[in-house]
Every structure is written in structure tokens, then in C-alpha cells.
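Each protein sequence line maps, in turn, to chains A and B. Residue numbers for the first sequence follow the numbering used here, beginning at 1 and rising by one. Residue numbers for the second sequence follow the numbering used here, beginning at 273 and rising by one. The structure appears below as C-alpha cells.
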Amino acid sequence: MNKFVLAIIALLCWPLAAMAEDVAQAQPEKTTPTGVPVQPYEPGIESSGYVWNEMKSEKLRALRALGDPLRGEIAIEICQGCHKSGAQGRPDGSYPRLAGQHDTVLIKQITDIRAGRRDNPKMYPFANAHVISIQDIADIAVYLGTLPVTPDNGKGPGAGLALGQKLYESGCNKCHGDKGEGNGDKFYPRLSGQHYKYLVREITYIRDGQRRNANPKMVEQIKPYSNADIEAVADYVSRIPPSATVKAATKVSENKPAAAGKSVAAHVATAK
Amino acid sequence: MKKMLQNYLVKTAEQFKGCSEAKRQSMFGVALAAALIAFPGGASAGEAPQVVTAVCGGCHGADGKAAAPMFPHLAGQYNVYLKKQINDFIDGRRKNDMMTPVVTAMKPEDVGAVVDYFSAQKPVAGAAGDAKLVETGMTFYQEGNSDTGVPGCVGCHMDEGAGNKQYPRLAGQSAMYISTQLANFKSGARTNDNGSLMRSVAAKMTEQEMNAVAEYLASVGK
């Protein structure tokens, strides 16, 4: 009888115990003394047991959300101060071009920054949960994917294009495509139309382990690259005409639930 | 309401150790409260509500064009923004020893009329300032500072400080008011910005950048 009562009490307390665990896991938000949110830290490629693009928490929820390009056009205001009007970024490489990027890629990067898997203390105050919701992320990503990519991106010096092409075609193209178009279903970013200086910076970060949400396969691939190799391949890819790879505006409808859902499903399938 | 006002007066008296200063502030509060009691009621369309002429107008101008550079122009400001600020003064999210007693004494039904009135007034036209500072400020307004991670203001506050329903209009605003607010966001004296956005921006701005962008904003707007 006593055992029975104890079992009942234990069962009743179970949800409380589970709740306590949730609370214990939630990290308190860090802010500066004036209340500016500080980017959290989550282990990335530097940690053992790192899983690239693990489908969890905000990433999963943003991918599942039904992105609306109309709402995205409004929500994007906050991004324009740095990424400029039309999300064209800056040729000096300080801020990347986002226009025409795959929505899945954008969702991955924003949620990785929010979680602290990709270090970006400058962006964090403008992309944290106080500023944009998970729905906003989905809306912004879908809207950005519909924006045209123009050929006026920043280019390199043009000195090592033959080397750049050779390097690109001996590996990069397998994931990023022959025309640098990337692959949204696999979260591989579009590279064509991107600013040269941004590409150099990020490829270097990936090679050196500073971009902590990087794909280990890519880190392995570019490990032997010298700085000159990186500059050559970035220059080559920055010169691939983006016009050939621009996503048609009609794709907006395809980006709605089916497409986003497919991306998640496809990834989950490949992960198994 | 009366109790809140009393509390405010006690608090003000504590804050200002100089007796004459405390007295001056208290009297200001009492005078305003008296004015609010003396001039109740709403307004008919187009005309200034009585509370505007009796209270707000003293500093902000009866037409929303402020009488002195330390006070913000309210003419043409988005009513959603004005309403938020009034509510924040009442709730203590924005702190200002002059504004809090005034808006606390205001009838809740007057707030809507006041903000709609000021919002409908013709905005203040920009006034030419120090040309070099204006130019530096314009560049900063558009580009921000990518080295320190300050976004261009234009992203949210729109071309030439026009603002929108989410972000206030800044065009033609008093340079002194803008630079003071930026400094307050930086020091943490002002913390009622949505999502800590302006605190994030101002934290990374230099005093020179604040002054330049303020000079630019005071110069724009027709």
C-alpha cells in the first residue's frame, strides 16, 4: 500500500522534476551593464562530438515555419543598416550580400549566430530574440531568396584566375555547384555574386577553425590551401556571372511550406 | 495619482540636494498639476487640445515646434512613437524628472488626442548647420561604421530620417536633443528602446559620431 502511494506521488512529481531540468538547462541571458545582449557560446567544430548543422531548437523551428516574403520585406529593415538596401552587402567585404541566397542557408546561419555556434558579436544585438522572432527569420530568409543577385559584387585582382578555377573545379564545385549556385536542400550556400573580400575572409576562417559552425568536410578539403590559393579561388568564384544562377521570382511560392519542409525532411533523411 | 505626484516630489527632493533646485522642481510639478486640473477636457478635430496649449506647448510648442534645443520637436512625429514614450514615462521605463509628473497627471483619454494632434502637425524643416559636420554625419547615417559594427541609421530610420511606424522620425530634430539621447542610450540613462537596439548602436558610437549624425539630422527634412 505504501509503495503504491509512493509510486503515485513520484508520478505526480514527474512533470515538476522535468520542468526543473528545463529551467536548469536554460542559460541566463548575458548583457552588458547597459543591457545590450551579448552573444552566447555554444560548442562548435572545436569540440569533440560536433555535429554539423544539427537539426535542433531554433533552426528546426525556423525551417518548419511558413516563411512569408511580404512580411519578410518589412522585417528586413533591421538588416539594411549593415547589409544595405536590397541586401546587396558591401564590396569591402565588411558585410556579405544576402540577396538571392538560399533560404535554408540564411536560416542556418542566423540561428547558428543566435545559438553562439558562429561567432558574430557585432550582429548578435540586431538578430537576437528580442529583435526578430523565429517567424521573422523564416520570413526574412524567404524574402531574401527572392531578391535578384546583380553582377556588381566586389571582385578580386584577377591575377590568379586559372589557379582559382583549377582549385574550384577540383572540389568546391561538388557542393557549391559548377556555377557557384550552391544547394538549398543541403544548406550549401550560393557563392556567385558574393563579394570577393567577404569570401576570402570566410574561407580563411573556415580553414583556420575560426568559423565554428563550418562543415568539417570543407575544412578538410581546404586545409592545404595557402592564402594565395584562397584569394585565387575566391576571385574566380566572385566572377562567375550571377545572372545565370538568379532564382526566378516565381520561386517564392515554392519556398512556402513544401520547400522548407522538404529541406528539413531531406536533411533528416540524409542524417539517418 | 495624487500619491504618485507626492512620491515624485519626495523623490525629486532627495535627488537634488540643493534645496532651491528641489523647490524649483517641486513647484514646476505642482504648477503643471494645477494646470491640468484647471484645463480638463479633450479637443475638437484640428484644434489643439487644451492640454497641449496649457501644458505641452510650454516646452514643445503649441504646434509641436519646440521652444528651445533641449526639448524635442514633436510636430510630424509618428503617433505610435509618441504614445509609447508617454506610456514609458508613466511606467518609469523612460526617466525624466520633468516629463514624468506631467504625463502622469494627464488624463488617459487625453493622451490619444495629444499624440494625434502633434503627429498631424507640419514637421520642422531642417536648418543648415556646420557643413563639414553635416557631411560627416550624412556618411555615418548611411554607412554606419563597419569597423566597430555600427549599422547605418538609414536601415531603420529611413532616407533622410523620415522614420516609419516602427522607428521614429528624426528629420529636422534638434541636434542637441539627438546627441543627448544617443549619449543617454550609451550610458544606460535611457533604456526604453525596443530590444535594446539603440543601446547596442550607441554603445559603439564615439562622441564625434553622435555629434555629426545629430548635426546631419537637424539639417534634413522639408
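Even for Gly, the Cβ is constructed at its ideal location relative to N, Cα and C. Remember, it's a predicted structure, so these values are computed and weren't measured experimentally.
In the structure shown, the three-state DSSP call for B:T372 is helix. Per DSSP, A:V131 lies in no alpha helix (DSSP H) and is assigned neither H nor E. A Cβ-Cβ separation of about 5 Å places A:V237 in contact with A:L191 under the 8 Å criterion. In the DSSP assignment, the residues bridged to B:V422 are B:N417.
A distance below 6 Å between beta-carbons, with the five flanking residues on each side excluded, links B:Y439 to the following residues of its chain, in chain order: C428, H429. Considered as a whole, the region 157-204 of chain A harbours 161-167, 173-176 as its complete alpha helix (DSSP H) runs of no fewer than 4 residues, in chain order. Secondary structure at A:T34: coil, using DSSP grouped into helix, strand and coil.
Rounded to whole angstroms, A:R114 and B:E479 show a C-alpha spacing of 30 Å.
Relative to B:F343, the option among B:N351, B:K437, B:C328, B:V352 whose CA is nearest is B:C328. The alpha carbon of A:K186 has as its nearest neighbour, out of A:S47, A:T34, A:E46, A:E54, the alpha carbon of A:E54. Below the 8 Å Cβ cutoff, chain B contributes S418 as neighbours of A:R90, in chain order. Using a Cβ-Cβ cut-off of 8 Å, A:F187 does not count as an interface residue toward chain B, since no Cβ of chain B sits closer than that to its own. Ranking B:A403, B:K394, B:M477, B:K355 by CA distance to the CA of B:N417 puts B:M477 first. Proximity of the region 65-75 of chain A to the region 129-139 of chain A meets the contact definition, three or more beta-carbon pairs being nearer than 8 Å.
One alpha carbon belongs to A:H102, the other to A:G193, and they sit about 13 Å apart. Per DSSP, the continuous alpha helix (DSSP H) segment holding B:S472 begins and ends at 469-475. Per DSSP, B:A455 is one residue of the alpha helix (DSSP H) stretching across 447-459. In this structure A:K174 does not touch A:K108 by the C-beta definition: roughly 19 Å separates them, more than the 8 Å allowed.
The beta carbon of A:I78 falls within 8 Å of a beta carbon belonging to chain B, placing the residue at that interface.
In the displayed model, A:P43 falls within coil according to three-state DSSP, outside both helix and strand. Per the coordinates, the alpha-carbon of A:Y50 lies some 54 Å from the alpha-carbon of B:G348. Using a C-beta cut-off of 8 Å, the region 157-171 of chain A makes no contact with the region 87-96 of chain A, since fewer than three inter-stretch Cβ pairs fall below that distance.
With respect to chain A, the C-beta atom of B:C331 has no partner C-beta closer than 8 Å. A:D235 counts as buried, since at least 16 other C-beta atoms from the protein chains shown sit within 10 angstroms of its C-beta.
Counting the other Cβ atoms within 10 Å of the Cβ of A:S133 gives fewer than 16, which makes it exposed. Where A:Y225 is concerned, there is no enclosing alpha helix (DSSP H), because DSSP gives it neither an H nor an E. In the three-state DSSP reduction, A:Q80 falls in the helix class (H, G or I).
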